[in-house]
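What follows is a single structure, written as C-alpha cells, with notes after it.
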Amino acid sequence: MTDFDTLYDKVIGLLHAAPRTPKRIEAHVGDASVLMEWHAESAVTGVAAPAASGTVEPVVPSADTADTGHLRYVVAPMIGTFYCAPEPGADPFVTVGEVVSDGQQVGILETMKLMNPLKSELAGRVVEVLVADGTAVEYGQRLVTLDTR
Amino acid sequence: VFSTVLIANRGEIAVRVARTCREMGIRTVAVVSTSDLNSAVTRIADETRHIGPPAARRSYRNAAAIIEAALQTGAEAIHPGYGFLSEDPDFAEICELHGITFLGPPAHVIAELGDKALARKKMADAGLPILPGSRNAVDDVDSAKDIADSIGYPVIVKAVAGGGGRGMSVVDDPGDFVAAFTAARAQAQAVFGDSRIYVERFLESARHVEIQVLADQHGNAVYLGERDCSVQRRNQKIIEETPAPGLTREHIAEMGAAAVLGALAVGYVGAATFEFLVDDQGRFYFMEVNCRIQVEHPVTEMVTGVDMVREQLLIGAGHRLSLGQEDILPFGAAVECRINAEDPAREFLPTPGHLTEFTMPGGPFTRVDTHAHPGFTISPDYDPLLAKVIVWAPDRQQALARMARALDETRISGDAVETNIDFLRTVLATPAFQDGKHTTQLVDQLINSSLTSEK
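Chains as they are written, first to last, in our numbering: chain U, 1 to 149; chain S, 1001 to 1455.
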C-alpha cells in the first residue's frame, strides 16, 4: 500500500471512532501525528498519540450526579495529570468563590504529554478545587466542587 | 526481571498474570474500567488505576489511558493478556516509544502475522504446509472465483484482518460463490475496516491442533507440545486438551519443528501459538499464528510444568530461554473446559446477570482460573467467560472422568444467568469425543441432533 492508502484508511478509521463529526482532521505521515478538532459547543480538542489510531477521545467533562443536594463535581474525563493553571506560576483558571459558566475552562488534563482543556459542563460557584496542581488523577475522579444553587 | 508490571486486561487472565507476578516478587498495577472497580484482580494487585468507563473502546482498548497509567505508576512492562490490545501493532509500538516493554512480539511481527494472507505466504515460504488457496489477498470477485474453481469446493473465504472465528464463510456450491465473496468483503470492511479477502480449500472434517511456541530475543525457540481444540461452537473453542488424541509423538514432533521454523523465520519473540488443521489422513496445514497468551494455555502448563506467564516475563526482560527442546517432556493428559455465562438453548447467547451461587470444583489435580465469586455481576460489556476448569491425570480416560466429576461439583446460579455446564457435560459424554474421533463439526452435530430429537 502506498503512504496515501495507509493515511486514507487511518483517517477513515478515525472518523468511525469519533463520537461526532469532527470540525477538522489533520494528519501527517512521517513520524505520524494526528490532530482532531471538534466544534466548541460539542467538545474540545482530543489528540491521538503518535502512530495511534482509534485512541482519540474527546474531552467531555461530565458532572457527577450521584451526589445529592446542590453540590456537583467536575470530574476527570480521562486518566491524566491535572493542572489548575495555564502554566507554572500563572494564575489558576478558577479560584474558590468564583462563579463559572457552562463551558468555562477550569483546568488542564495532560494525558500522554498532550494538554487537553478541562471545561465545566455546569454553571456554579467554585466551592473547592479538590486536587493540587500537577496531581495524577484517575478516570472519573472529582476535581472541582461546584455549588449549583 | 521487572520491578513493576501493568496488566492491561481484566477477568480471569488479569488474575492469572498478577498471581505469577506476585510469585516472582514483581509489583503489579491493575487497570480497571468502572464495571471492574472492585474486581478480583484489584485484591491481588499492588495498585489499581481507574482508566475509563465500561465500554472497552474507552478503557481496555484505550491505548492512551493505559500508557498514562503505566507512566503514572512507573510500570516498566505491560502484559496485554488476550483480546483487547494484545495483538494491536500500534499499541506495541506506542509502548516501545515510551520505553515500556510490551510483553509480546515486536510491533512489525504482530502486523505481519495479523495479516492472515501475508502470514500464510510467509509460512509457505518458510516451508510450512498450507491448504491450496490464493497466494495473496484477492481483490476482484472474478479472479477469486477462478481460484475457488481451481482448488475445488468447498472453499472458505476469510477476511485478511479476521480472527477469533469472525469474518469467514464456507461456500459449498460454486453457484453461491459470488454472493458469499461479496458479502464477506462487505462484512470484513464493516467489522475490521479492511475489505481484503483470501480464499482457501475448506476441510470439512478436520481437527484443530495448535502448537505452543516460546521464542527469546536471542534467536532461540522451542515448542511445548500441542493442544487439540476441536470442540468449538461458532468457531469459538470450549474444550481444549493435550495430548491431541490419535496423533503420534512423531507427528507432533514434525508439527512442532514446523512451528519453531515458522517462528524463527519471522523473528518472533515471546509466546506464540501456531494453529494447524489436521485432516483425516493425519496431514497438517498451517492456519494462523496467535501473538498472545491463549485462553487455553493452562493445559500446556499442566503437562509441561512450565509457567507460561513467567516465561513471557523472562523473555521480555531479555533472558535467554532456560529450556532446551530436550527439557520439555510433556507428562500425562490435561483437559480444560471454558465455563461461559451463555445459553446453549438460545444459540449460546450471553446471559449477563448477578450470581447468587458460585461454587467451583476442587480436589486432586483440579485447577480453576476465575475472577467470579458469589455476588459477582456479569457485565454485558465483556465476553461471557466465567471460569476455566482444568484437570490433569496420567491418561486421557482418567482426565475425562476427572473433568466430569469436577463439572458435577460446579454450581452456578443467578438471576437470568445460564451457563454452558450441562452442554459441556453432554460433549464430554459423547462417544465420538470419548473415543477421540471427533472433528470441529462435533458441536454442530450435537446441536442438530438434539433439535431433530425434539421434533
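A virtual CB, placed ideally from N, CA and C, is assigned to each residue, including glycine.
Determine the chain U residues that contact residue i at a beta-carbon separation under 9 Å, and present them in chain order.
{"i": "Thr1034/S", "result": "Tyr139, Gly140"}
{"i": "Gly1052/S", "result": "Glu57, Met78, Ile79, Tyr139, Gly140"}
With DSSP collapsed to three states, give me the class of residue i.
{"i": "Cys1291/S", "result": "coil"}
{"i": "Glu1342/S", "result": "strand"}
{"i": "Lys1116/S", "result": "helix"}
{"i": "Glu1296/S", "result": "coil"}
{"i": "Met1168/S", "result": "strand"}
{"i": "Gln104/U", "result": "coil"}
{"i": "Gly134/U", "result": "coil"}
{"i": "Leu1329/S", "result": "coil"}
{"i": "Gly1152/S", "result": "coil"}
{"i": "Ser1035/S", "result": "helix"}
{"i": "Asn1420/S", "result": "coil"}
{"i": "Arg1185/S", "result": "helix"}
{"i": "Gly1270/S", "result": "strand"}
{"i": "Leu943/S", "result": "Here chain S comprises residues numbered 1001 to 1455, so residue 943/S is not present and cannot be evaluated."}
{"i": "Thr1304/S", "result": "helix"}
{"i": "Val1278/S", "result": "strand"}
{"i": "Ile1051/S", "result": "strand"}
{"i": "Cys1229/S", "result": "strand"}
{"i": "Glu110/U", "result": "strand"}
{"i": "Ser1449/S", "result": "helix"}
{"i": "Ala1350/S", "result": "The residue asked about is misnamed: residue 1350/S is Pro in this sequence, not Ala. If DSSP states are grouped into helix, strand and coil, Pro1350/S belongs with the strands."}
{"i": "Ile79/U", "result": "coil"}
Out of the options, which one is the CA nearest neighbour of residue i?
{"i": "Ile79/U", "options": "Gln104/U, Ile108/U, Ala85/U, Arg149/U", "result": "Ile108/U"}
{"i": "Asn1448/S", "options": "Ile1110/S, Arg1233/S, Glu1210/S", "result": "Arg1233/S"}
{"i": "Gly1219/S", "options": "Leu1321/S, Pro1245/S, Pro1364/S", "result": "Leu1321/S"}
{"i": "Cys1291/S", "options": "Asp1115/S, Ile1026/S, Ser1035/S", "result": "Asp1115/S"}
{"i": "Leu1277/S", "options": "Leu1131/S, Thr1430/S, Ala1070/S, Gly1099/S", "result": "Leu1131/S"}
{"i": "Leu1203/S", "options": "Pro1174/S, Arg1185/S, Val1170/S", "result": "Val1170/S"}
{"i": "Ala1253/S", "options": "Cys1229/S, Gly1225/S, Ala1271/S", "result": "Gly1225/S"}
{"i": "Asp1383/S", "options": "Gly1127/S, Val1269/S, Ile1339/S", "result": "Ile1339/S"}
{"i": "Val1041/S", "options": "Pro1054/S, Ala1014/S, Pro1053/S, Gln1212/S", "result": "Ala1014/S"}
{"i": "Gly1316/S", "options": "Ala1045/S, Ala1069/S, Thr1004/S, Leu1103/S", "result": "Leu1103/S"}
{"i": "Val1417/S", "options": "Thr1356/S, Asn1136/S, Ser1039/S", "result": "Thr1356/S"}
{"i": "Ile1211/S", "options": "Glu1409/S, Tyr1223/S, Arg1201/S", "result": "Tyr1223/S"}
{"i": "Leu1424/S", "options": "Glu1200/S, Leu1446/S, Ser1134/S, Ser1413/S", "result": "Leu1446/S"}
{"i": "Ala1345/S", "options": "Asn1420/S, Val1303/S, Leu1071/S", "result": "Asn1420/S"}
{"i": "Gln105/U", "options": "Leu114/U, Arg142/U, Pro86/U", "result": "Pro86/U"}
{"i": "Ala1124/S", "options": "Val1266/S, Leu1323/S, Ala1404/S", "result": "Val1266/S"}
{"i": "Asp1046/S", "options": "Ala1056/S, Ala1030/S, Arg1058/S", "result": "Ala1030/S"}
{"i": "Asp1139/S", "options": "Ala1179/S, Leu1264/S, Arg1185/S, Glu1250/S", "result": "Arg1185/S"}
{"i": "Ala1244/S", "options": "Gly1270/S, Arg1201/S, Gly1332/S", "result": "Gly1332/S"}
{"i": "Asp1327/S", "options": "Glu1342/S, Val1303/S, Phe1348/S, Val1335/S", "result": "Val1303/S"}
{"i": "Tyr1268/S", "options": "Ala1055/S, Arg1057/S, Val1213/S, Val1389/S", "result": "Val1213/S"}
{"i": "Arg1057/S", "options": "Ala1387/S, Asp1381/S, Asp1216/S", "result": "Asp1381/S"}
{"i": "Arg1196/S", "options": "Leu1118/S, Ala1206/S, Arg1019/S, Ala1393/S", "result": "Leu1118/S"}
Determine the burial state of residue i: buried for a count of at least 16 other Cβ atoms within 10 Å of its Cβ, exposed for fewer.
{"i": "Gly1282/S", "result": "exposed"}
{"i": "Leu146/U", "result": "buried"}
{"i": "Ser1035/S", "result": "buried"}
{"i": "Ala1429/S", "result": "exposed"}
{"i": "Leu1329/S", "result": "exposed"}
{"i": "Arg1411/S", "result": "exposed"}
{"i": "Thr1351/S", "result": "buried"}
{"i": "Val1199/S", "result": "buried"}
{"i": "Val96/U", "result": "exposed"}
{"i": "Glu1250/S", "result": "exposed"}
{"i": "Arg1135/S", "result": "exposed"}
{"i": "Val99/U", "result": "exposed"}
{"i": "Leu1349/S", "result": "exposed"}
{"i": "Glu57/U", "result": "Residue placement at Glu57/U cannot be trusted, given a pLDDT of 40 that sits under 50; what the coordinates show is reported in the next sentence. Buried, because 16 or more other Cβ atoms sit within 10 Å of the Cβ of Glu57/U."}
Please list, in chain order, the chain S residues whose beta carbon lies closer than 7 Å to that of residue i.
{"i": "Gly134/U", "result": "Within chain S, no residue comes near Gly134/U; the closest Cβ sits about 12 Å away, beyond 7 Å."}
{"i": "Met112/U", "result": "Ala1064, Ile1067, Glu1068"}
What residues from chain U crowd round residue i, counting only those whose CB sits closer than 8 Å?
{"i": "Ile1110/S", "result": "Simply none; closest approach about 13 Å."}
{"i": "Arg1049/S", "result": "Ile79, Glu138"}
Please check if any C-beta of chain C sits within less than 9 Å of the C-beta of residue i.
{"i": "Leu1071/S", "result": "You won't find chain C in this structure, because its protein chains are U and S."}
Query raised in the report: With contact counted as at least three CB pairs below 8 Å, one residue from each stretch, are the stretch 1369-1384 of chain S and the stretch 1395-1404 of chain S in contact?
Result: no
Query raised in the report: With a cut-off of 8 Å, do at least 3 Cβ pairs link the stretch 1078-1086 of chain S to the stretch 1001-1011 of chain S?
Result: yes
Report task. Count the CB pairs spanning the stretch 131-143 of chain U and the stretch 82-95 of chain U that are closer than 8 Å, and state whether there are at least three. Result -> As far as the Cβ criterion goes, the stretch 131-143 of chain U touches the stretch 82-95 of chain U, which means the pair count is three or higher.
Query - Cβ pair count under 8 Å reaching 3, the stretch 1288-1308 of chain S against the stretch 1267-1277 of chain S - result: A contact exists between the stretch 1288-1308 of chain S and the stretch 1267-1277 of chain S.
Query - Meets three-Cβ-pair contact criterion under 8 Å: the stretch 1240-1249 of chain S and the stretch 1295-1306 of chain S - result: yes
Query raised in the report: Is the stretch 1083-1099 of chain S touching the stretch 1052-1064 of chain S in the sense that three or more CB pairs, one from each, lie closer than 8 Å?
Result: yes
Query raised in the report: Are there three or more Cβ pairs, one per stretch, closer than 8 Å when the stretch 1152-1163 of chain S is compared with the stretch 1300-1314 of chain S?
Result: no
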